[in-house]
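J.:
There are 4 protein chains.
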Amino acid sequence: MAISKKRIYEILEKTEKKDVIGKIVDWFIIILIFLNVGAVIVNSFTYASIKYRLILLALERFSIVVFTVEYLLRIWTSAYKYPDSRHPVIRYIFSLMAIIDLAAIIPFYLPFVVNLDLRYLRVLRLFRLLRVLKLNRYNNSLAMIGRVLKNEKEKMFMTLFIITVLLLLASSTMYYFENAVQPEYFPNIPATLWWAVATLTTVGYGDVYPITIQGKILSGIIAILGIGLVALPSGIISSGFINEVSKNGKKTICPHCGKEIDAASD
Amino acid sequence: MAISKKRIYEILEKTEKKDVIGKIVDWFIIILIFLNVGAVIVNSFTYASIKYRLILLALERFSIVVFTVEYLLRIWTSAYKYPDSRHPVIRYIFSLMAIIDLAAIIPFYLPFVVNLDLRYLRVLRLFRLLRVLKLNRYNNSLAMIGRVLKNEKEKMFMTLFIITVLLLLASSTMYYFENAVQPEYFPNIPATLWWAVATLTTVGYGDVYPITIQGKILSGIIAILGIGLVALPSGIISSGFINEVSKNGKKTICPHCGKEIDAASD
Amino acid sequence: MAISKKRIYEILEKTEKKDVIGKIVDWFIIILIFLNVGAVIVNSFTYASIKYRLILLALERFSIVVFTVEYLLRIWTSAYKYPDSRHPVIRYIFSLMAIIDLAAIIPFYLPFVVNLDLRYLRVLRLFRLLRVLKLNRYNNSLAMIGRVLKNEKEKMFMTLFIITVLLLLASSTMYYFENAVQPEYFPNIPATLWWAVATLTTVGYGDVYPITIQGKILSGIIAILGIGLVALPSGIISSGFINEVSKNGKKTICPHCGKEIDAASD
Amino acid sequence: MAISKKRIYEILEKTEKKDVIGKIVDWFIIILIFLNVGAVIVNSFTYASIKYRLILLALERFSIVVFTVEYLLRIWTSAYKYPDSRHPVIRYIFSLMAIIDLAAIIPFYLPFVVNLDLRYLRVLRLFRLLRVLKLNRYNNSLAMIGRVLKNEKEKMFMTLFIITVLLLLASSTMYYFENAVQPEYFPNIPATLWWAVATLTTVGYGDVYPITIQGKILSGIIAILGIGLVALPSGIISSGFINEVSKNGKKTICPHCGKEIDAASD
Numbered sequence: 150m151a152i153s154k155k156r157i158y159e160i161l162e163k164t165e166k167k168d169v170i171g172k173i174v175d176w177f178i179i180i181l182i183f184l185n186v187g188a189v190i191v192n193s194f195t196y197a198s199i200k201y202r203l204i205l206l207a208l209e210r211f212s213i214v215v216f217t218v219e220y221l222l223r224i225w226t227s228a229y230k231y232p233d234s235r236h237p238v239i240r241y242i243f244s245l246m247a248i249i250d251l252a253a254i255i256p257f258y259l260p261f262v263v264n265l266d267l268r269y270l271r272v273l274r275l276f277r278l279l280r281v282l283k284l285n286r287y288n289n290s291l292a293m294i295g296r297v298l299k300n301e302k303e304k305m306f307m308t309l310f311i312i313t314v315l316l317l318l319a320s321s322t323m324y325y326f327e328n329a330v331q332p333e334y335f336p337n338i339p340a341t342l343w344w345a346v347a348t349l350t351t352v353g354y355g356d357v358y359p360i361t362i363q364g365k366i367l368s369g370i371i372a373i374l375g376i377g378l379v380a381l382p383s384g385i386i387s388s389g390f391i392n393e394v395s396k397n398g399k400k401t402i403c404p405h406c407g408k409e410i411d412a413a414s415d
Numbered sequence: 150m151a152i153s154k155k156r157i158y159e160i161l162e163k164t165e166k167k168d169v170i171g172k173i174v175d176w177f178i179i180i181l182i183f184l185n186v187g188a189v190i191v192n193s194f195t196y197a198s199i200k201y202r203l204i205l206l207a208l209e210r211f212s213i214v215v216f217t218v219e220y221l222l223r224i225w226t227s228a229y230k231y232p233d234s235r236h237p238v239i240r241y242i243f244s245l246m247a248i249i250d251l252a253a254i255i256p257f258y259l260p261f262v263v264n265l266d267l268r269y270l271r272v273l274r275l276f277r278l279l280r281v282l283k284l285n286r287y288n289n290s291l292a293m294i295g296r297v298l299k300n301e302k303e304k305m306f307m308t309l310f311i312i313t314v315l316l317l318l319a320s321s322t323m324y325y326f327e328n329a330v331q332p333e334y335f336p337n338i339p340a341t342l343w344w345a346v347a348t349l350t351t352v353g354y355g356d357v358y359p360i361t362i363q364g365k366i367l368s369g370i371i372a373i374l375g376i377g378l379v380a381l382p383s384g385i386i387s388s389g390f391i392n393e394v395s396k397n398g399k400k401t402i403c404p405h406c407g408k409e410i411d412a413a414s415d
Numbered sequence: 150m151a152i153s154k155k156r157i158y159e160i161l162e163k164t165e166k167k168d169v170i171g172k173i174v175d176w177f178i179i180i181l182i183f184l185n186v187g188a189v190i191v192n193s194f195t196y197a198s199i200k201y202r203l204i205l206l207a208l209e210r211f212s213i214v215v216f217t218v219e220y221l222l223r224i225w226t227s228a229y230k231y232p233d234s235r236h237p238v239i240r241y242i243f244s245l246m247a248i249i250d251l252a253a254i255i256p257f258y259l260p261f262v263v264n265l266d267l268r269y270l271r272v273l274r275l276f277r278l279l280r281v282l283k284l285n286r287y288n289n290s291l292a293m294i295g296r297v298l299k300n301e302k303e304k305m306f307m308t309l310f311i312i313t314v315l316l317l318l319a320s321s322t323m324y325y326f327e328n329a330v331q332p333e334y335f336p337n338i339p340a341t342l343w344w345a346v347a348t349l350t351t352v353g354y355g356d357v358y359p360i361t362i363q364g365k366i367l368s369g370i371i372a373i374l375g376i377g378l379v380a381l382p383s384g385i386i387s388s389g390f391i392n393e394v395s396k397n398g399k400k401t402i403c404p405h406c407g408k409e410i411d412a413a414s415d
Numbered sequence: 150m151a152i153s154k155k156r157i158y159e160i161l162e163k164t165e166k167k168d169v170i171g172k173i174v175d176w177f178i179i180i181l182i183f184l185n186v187g188a189v190i191v192n193s194f195t196y197a198s199i200k201y202r203l204i205l206l207a208l209e210r211f212s213i214v215v216f217t218v219e220y221l222l223r224i225w226t227s228a229y230k231y232p233d234s235r236h237p238v239i240r241y242i243f244s245l246m247a248i249i250d251l252a253a254i255i256p257f258y259l260p261f262v263v264n265l266d267l268r269y270l271r272v273l274r275l276f277r278l279l280r281v282l283k284l285n286r287y288n289n290s291l292a293m294i295g296r297v298l299k300n301e302k303e304k305m306f307m308t309l310f311i312i313t314v315l316l317l318l319a320s321s322t323m324y325y326f327e328n329a330v331q332p333e334y335f336p337n338i339p340a341t342l343w344w345a346v347a348t349l350t351t352v353g354y355g356d357v358y359p360i361t362i363q364g365k366i367l368s369g370i371i372a373i374l375g376i377g378l379v380a381l382p383s384g385i386i387s388s389g390f391i392n393e394v395s396k397n398g399k400k401t402i403c404p405h406c407g408k409e410i411d412a413a414s415d
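Residue numbers (the working numbering), protein chains in the order written: chain A, 150 to 415; chain B, 150 to 415; chain C, 150 to 415; chain D, 150 to 415.
(1) For A:E219, collect the residues of the same chain with a Cβ closer than 8 Å to its Cβ; drop the 5 residues on either side in sequence, then sort them by chain order.
(2) Can you list the residues of chain D that A:P339 reaches, using a CB-CB cut of under 9 Å?
(3) In chain D, which residues lie with their C-beta within 7 Å of the C-beta of C:L275?
(4) Is the stretch 371–388 of chain C touching the stretch 297–316 of chain B, taking contact as three or more C-beta pairs under 8 Å?
(5) When Cβ atoms are compared, which residues of the stretch 375–396 of chain C fall closer than 7 Å to chain B?
(6) Pull up the distance between the alpha-carbon of D:D233 and that of D:K154, whole angstroms please.
(7) Does any residue of chain D have a CB that is nearer than 7 Å to the CB of A:K299?
(8) When the cut-off is 7 Å and only beta carbons count, does D:I373 lie next to chain C?
(9) Name, going along the chain, the residues of the stretch 345–365 of chain C whose beta-carbon falls closer than 9 Å to a beta-carbon of chain A.
(10) Under a Cβ-count criterion, where at least 16 other Cβ atoms within 10 Å of its own Cβ denotes burial, should B:G187 be classed as buried or exposed?
(11) Please specify which runs of the alpha helix (DSSP H), each continuous and at least 4 residues long, are wholly inside the stretch 164–221 of chain C, giving them in chain order.
(12) Measure the alpha-carbon distance for B:N337 versus B:I190 and round it to whole angstroms.
(13) Pair every Cβ in the stretch 320–327 of chain B with every Cβ in the stretch 269–276 of chain A, then say whether three or more of these pairs are closer than 8 Å.
(14) Between the stretch 192–203 of chain B and the stretch 235–249 of chain B, do three or more beta carbon pairs fall short of 8 Å?
(15) Starting from A:V101, trace the alpha helix (DSSP H) in both directions and tell me its first and last residue.
(16) Kindly indicate which three-state DSSP category B:D250 falls into: helix, strand or coil?
(17) Keeping to the same chain, check which residues put their C-beta closer than 6 Å to that of D:D168; ignore five residues upstream and five downstream.
(18) Classify D:Y354 as helix, strand or coil using the three-state DSSP reduction.
(19) Tell whether a beta-carbon distance below 7 Å holds between B:A345 and B:G353.
(20) Let me know the secondary structure DSSP gives D:S244 once reduced to three states.
(21) Would you please verify whether the beta carbon of A:K230 is less than 7 Å from any beta carbon of chain D?
(22) Assuming D:L349 and D:L367 form a contact by the criterion Cβ under 8 Å, report the distance between their Cβ atoms to the nearest whole angstrom.
(23) If you count every other CB in all the chains shown that lies within 10 Å of the CB of B:D415, and 16 or more means buried, which is it?
(24) Taking the alpha-carbon of C:L184 as reference, which of C:I157, C:E209, C:T217 and C:L374 has the nearest alpha-carbon?
(25) Can B:G355 and A:G355 be called in contact, C-beta distance under 7 Å?
(26) Would you please verify whether the beta carbon of C:L314 is less than 7 Å from any beta carbon of chain B?
(27) Could you tell me the alpha carbon to alpha carbon distance between C:M246 and D:P260, rounded to whole angstroms?
(28) Measure the Cβ-Cβ separation of D:P255 and D:T217 and say whether it is below 7 Å.
(29) Per DSSP, what kind of secondary structure is D:S153 in: helix, strand or coil?
(30) Within the 7 Å Cβ cut-off, does D:W343 reach chain A?
(31) Reducing DSSP to helix, strand and coil, say where B:P336 ends up.
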């Protein structure tokens, strides 16, 4: 088997259009991920999980072997992924994708080390679905969404922080309003957070709601602020996409010298 | 009756402003569609469906005849619709509008072939409402909305895929949190999806909600992510509209020298 | 009292910064509108409406007199409002603001003509609040919001039509899914619309929700489409505002002749 | 201790990157704010508030001392903050941040003046969290969000006013529809506002909803208008961010001739 290390890297990571084996491996892993998602779902049905016990077990063992081999091969070939890095293995192991891949296999191996039943961690395998996002077909769209989210990261975090402060203020105030009247629904501030989140995000399950007048007024203010808080990320993401689109397409001519320049080269 | 094939095509498909017969046919079919929508609604009232049985039956038979003739004429004249196509009939039959038109009449004919009562498929006739969207008056606005949705199709699909992955992750995790405490509401992962959709889309019916602390925390995170997920399509569509508008308006003529300049030639 | 017709028009309609009497009249009418809003609210409390019966009656009669005089004066001076119109009175009477003003006083006069108690139409007086929107201070912002909504009117109507079609399709299908299982909540298609609106707009009261599997799947699809339908008007309005802002501020230099031009003169 | 007045100002307000003492003071106050947030939360648990009574009391007294000293020092050094102001102390005292800081300490001192138990005002201390927003790391993002909100302030207020008018109109009309049938849920117009807010903001708790046909139709219209009202602030904020971004990036240097050009000098 004269498959070079570089060839393995190409098959796993950088599948090009004409690379038939790369495509087969890609699809084989994607199908295996979907089968595992199906297995997690089937496992949640008591009857079916018993009836198809052997098939599910076989699938699990087979997947663990494949995912483990894949994980190890990716570590082994990490030098090609980060050619400029001095410690490519460490860099790869701590990348988001590698952590997700490890999380998918580790619950199987842990019981051999510690005496615990970690089968419910099987759900971690679902995170491997994120690798499916890397499918070639929609790569450009995904990359653009990714770039926009990355560029606007700081503003989104600020929005999240504003939301958190608002939630804390709202639930602390609501606690003082409603605790005396509905101690079972508003027993303390963390429990009141449940109401605050449901209101600010406009989910409104309706299991907990204020009954005092001041509580209802506060609830109304929070709900209206909720509209504003939907507007904030919308505006941030909108301007992010517009920026990204104009970066791609804008080529203007300098009025002084007639040569082409990138207008949005910021 | 010396109405040429081309004339029939013009009447049905490409009604111009001065074409009186074309307008009459257009409005006749649109009124018939609305009458059929009304009939489907009236049929859902037990009492009214019996009282007006004969009128409803007459309307149904009349509509089927008209819609069938219309469908056949559109197939017959499809060569004018797709002048460059080698198989215009096949291309037309598999176009979205033709499938909708067929779905509106097929439930009437099927019982003659197979021994089934398919009357409840009458609801398919409502899809013909989509043809009303093609009304002349708002054609430009509809065309622009259509173009934007088409241009941003890939990004919207990616968003949908991210939503799906998120829903699966959320419902699998929630199942492990809540199943032991509320087995009647969270019996398995697909059933838990019902909660996940209601939360992520911020609908929040309130029939199913978590009661454990970890479940409530997850629910809050999903609800806040829901705000972000409303922002994503908003941003995508916004940038799509802005792009479309700037494409339309960007060809300007300098009022001083009369030369055309591209403000942003994307 | 030598107040000219033109002066009355200026006082009522085109109050300039230094016009003290105009300002006083403006504020007098705005305060009267707010008092009427207060009266409508107080009237809804059984006890208070009896206790303050005389004050409320006095306010009502006084307001009717003022609003009637104002309405008549506006008609009388309408020639100044529409100097180019041949029938300014008719044009004014059928303008939106005049209809609102008439609706605020007509319920008081009608009982003299027809033998009906139309006191509950007092609520129409609240629509006069819309005149408050015309306050000077935020005039520019309101005008811009108005311009954007007017420019994007057609696209917004198309969105509304798409929403209507979607609601009809969703409720007809849901009726066939749920009617057999929950005939009390889904008795007919118009009743099912109540569920469809609550889901598509993500309000989700929780009084009506599907319990069959196919119904829940449909509900989930409609809820996710609801996210998309929030994105559509957001995108339309966003691009409208951006267009409006760029129209206001954009002055560029033509690269061929060096003179200033409006880049966004579309 | 020869710490100059100016040095104190620098430590408190304008911490530069290399100022170690400034950083320590900053972080000390931020940690104290978070500890106070924690204390407010712990206080809401009856059992914990008794068990940790002494620690909570000590923390409260310590925080009051620190926050009071900080407040007084900020007043003392206010001349450096507003160098151009003739009354910097007064200007500082009435700034938003100073009012928040005062609100955090005043509930402790008031009982010495008036004979009231104002301990529940402790919740005001949470507002100090807003100072955490001023952390250096995300300063740029926060400043931009702040600038956008400030620029679009007028339009946002107009939107809020439109929302208020709409809420009043909706609840007055709904009161006349539902009061006779559900007097316990729709007893008067202010109580009906609770329904109106929950519907327009699409929260939809589900505790109050119309049961008459005309009430349900109104509810549907309000819910659909709610979608439009989410679109309005989204559009406003979007255009605000785009404007802000383009302002930042628009000064570009032509790479060929070195001259500066304004792509859009707004």
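Just so you know, even glycine gets a beta-carbon here, dropped at the ideal spot from N, CA and C.
T.: Taking the definition as stated:
(1) Counting from one through the first sequence, the residue named residue 219 of chain A turns up at place 70. Closer than 8 Å at the Cβ level, and outside the excluded window around A:E219, lie L161, I178 and D250.
(2) Here residue 339 of chain A corresponds to residue number 190 of the first sequence, with the count starting at 1. The contacting residues are I190, S193 and F194.
(3) For the purposes of this step, residue 275 of chain C is identified with residue 126 of the third sequence, where counting begins at 1. Result: L317, L318 and S321.
(4) yes
(5) G375, I376, G377, V379, A380, L381, S383, G384, I385, S387, S388, I391 and N392
(6) Looking up residue 233 of chain D in the fourth sequence gives position 84. Looking up residue 154 of chain D in the fourth sequence gives position 5. Looking at the two C-alpha atoms, the distance is approximately 17 Å.
(7) Residue numbering aside, residue 299 of chain A sits at position 150 when the first sequence is read from its first letter. Chain D, which has no Cβ nearer than 7 Å to the Cβ of A:K299, makes this no.
(8) Here residue 373 of chain D is taken as the residue at index 224 of the fourth sequence, counted from 1. D:I373 counts as touching chain C.
(9) T351, V352, G353, Y354 and G355
(10) For the purposes of this step, residue 187 of chain B is identified with residue 38 of the second sequence, where counting begins at 1. Result: exposed.
(11) 169–192 and 195–200
(12) Here residue 337 of chain B corresponds to residue number 188 of the second sequence, with the count starting at 1. Here residue 190 of chain B corresponds to residue number 41 of the second sequence, with the count starting at 1. Whole-angstrom Cα-Cα distance: 36 Å.
(13) yes
(14) no
(15) Residue numbering for chain A in the displayed model covers 150 to 415; residue 101 of chain A lies beyond these limits and cannot be assessed.
(16) Here residue 250 of chain B refers to the residue found at position 101 of the second sequence. Three-state DSSP puts B:D250 in a helix.
(17) Here residue 168 of chain D refers to the residue found at position 19 when the fourth sequence is read from its first residue. The answer is none, since no qualifying residue turns up.
(18) Looking up residue 354 of chain D in the fourth sequence gives position 205. If DSSP states are grouped into helix, strand and coil, D:Y354 belongs with coil.
(19) On the second sequence, position 196 is the one that residue 345 of chain B refers to. On the second sequence, position 204 is the one that residue 353 of chain B refers to. Not closer than 7 Å, so no.
(20) By 1-based counting over the fourth sequence, the position of residue 244 of chain D is 95. D:S244: coil per DSSP, three-state reduction.
(21) Along the first sequence, read from residue 1 onward, the residue named residue 230 of chain A stands at position 81. Not an interface residue.
(22) Working through the fourth sequence from its first residue, we reach residue 349 of chain D at position 200. Working through the fourth sequence from its first residue, we reach residue 367 of chain D at position 218. Contact doesn't hold; Cβ gap of about 11 Å is too wide.
(23) In the second sequence, residue 415 of chain B corresponds to position 266, counting from 1. Low per-residue confidence applies at B:D415: pLDDT is 36, beneath 50, and the placement is therefore not dependable, though the value from the model is reported in the following sentence. Answer is exposed; the Cβ neighbour count stays below 16.
(24) For this step, residue 184 of chain C is matched to residue 35 along the third sequence. The residue with the shortest Cα to Cα distance from C:L184 is C:E209.
(25) Position 206 of the second sequence holds residue 355 of chain B. Position 206 of the first sequence holds residue 355 of chain A. For B:G355 and A:G355, yes; Cβs fall inside 7 Å.
(26) To locate residue 314 of chain C, count along the third sequence from 1; it is residue 165. A small correction: the amino acid at residue 314 of chain C is Val; Leu does not occupy that position in the sequence shown. So yes, C:V314 belongs to the interface.
(27) Counting from 1 along the third sequence, the entry for residue 246 of chain C is found at position 97. Counting from 1 along the fourth sequence, the entry for residue 260 of chain D is found at position 111. Answer to the nearest angstrom: the Cα atoms are 54 Å apart.
(28) Start at 1 with the first residue of the fourth sequence, and residue 255 of chain D comes out as number 106. Start at 1 with the first residue of the fourth sequence, and residue 217 of chain D comes out as number 68. Here residue 255 of chain D turns out to be Ile, not Pro, going by the sequence shown. No, Cβ-Cβ distance for D:I255 and D:T217 is not below 7 Å.
(29) What you label residue 153 of chain D is simply residue 4 of the fourth sequence in a count that begins at 1. If DSSP states are grouped into helix, strand and coil, D:S153 belongs with coil.
(30) Taking the fourth sequence and counting its residues from 1, the one referred to as residue 343 of chain D is at position 194. It does; some Cβ of chain A falls within 7 Å.
(31) Residue numbering aside, residue 336 of chain B sits at position 187 when the second sequence is read from its first letter. Of the three classes helix, strand and coil, the one that applies to B:P336 here is coil, per DSSP.
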